[in-house]
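Enquirer: According to this note's numbering, the stretch in the sequence shown is residues 12 to 140, in order.
Glycine included, C-beta positions come from ideal geometry on N, C-alpha and C.
Here the structure is a predicted model, which is why all the values come from computation and not from measurement.
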Amino acid sequence: MTKADIVNAVYTDAGGGYSKKESADLVDDVFETMKETLARGEKIKISGFGNFVLRDKRQRQGRNPQTGEPIVITERRVLNFKASQLLKQALNADLSEEDLRSDPGAASDPDASSPSNPAQSAPLSADGE
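1) Under 8 Å, Cβ to Cβ, is there at least one residue of chain D near Gly73?
2) For Asp39, which residues does DSSP report across the bridge?
3) With distances taken between CB atoms, is the gap from Leu49 to Leu65 smaller than 8 Å?
4) Assuming Gly73 and Lys93 make a contact with CB atoms under 8 Å, what is their CB distance in whole Å?
5) CB Leu97 to CB Gly59, shorter than 8 Å?
6) Hey, how far is the Cα of Ile84 from the Cα of Asn75?
7) Please report the straight-line C-alpha distance between Lys54 and Lys46, rounded to a whole angstrom.
8) Between Leu100 and Lys31, what straight-line distance do the alpha-carbon atoms span, to the nearest angstrom?
The structure is reproduced here in structure tokens:
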């Protein structure tokens with residue numbers, strides 16, 4: 012789902028209460044407020060959805076995966092999202108026991124659906140990079 016899809020969903024769900032432009036402005040305002048809140052170092056808690064938390068990472072020693080050469084990983088901020096129990100339940104409500112049995116790692120390994128490449132699952136920084 013893209014930002015444009017979210018705007019269209021707001022426009023449609025509002026039943027004509029907002030124009031497309033007003034819907035786009037509303038979505039922009041929500042995202043801008045979230046960005047400003049996180050930039051101040053505050054948490055965002057959305058009941059029934061989850062928490063967005065900005066964490067500071069210290070500078071540390073790392074290794075270039077291609078060359079094996081030691082490198083310094085600079086300090087930075089990372090954005091983490093933790094889904095609420097209600098969201099997790101809603102996402103898994105349509106899974107039957109048979110679905111879980113057909114994917115042997117699904118029930119016992121909560122990270123089974125995460126990518127095998129750690130770079131793909133790396134947290135985003137505050138500026139989205």
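Expert: Answer, in terms of the structure:
1) Of the protein chains in this structure there is only one, and it is not chain D.
2) Looking at the DSSP assignment, Asp39 forms no beta bridge with any residue, so it has no partner.
3) Leu65 sits close to Leu49, with the two beta carbons spaced by under 8 Å.
4) At roughly 25 Å, the Cβ-Cβ gap does not stay under 8 Å, so Gly73 and Lys93 are not in contact.
5) Yes, Cβ-Cβ distance for Leu97 and Gly59 is below 8 Å.
6) Taking the Cα positions, Ile84 is about 10 Å away from Asn75.
7) Lys46 has its alpha-carbon roughly 11 Å from the corresponding atom of Lys54.
8) The residue you asked about is not Leu; residue 100 is Gln in the sequence shown. Approximately 32 Å, taken between the alpha carbons.
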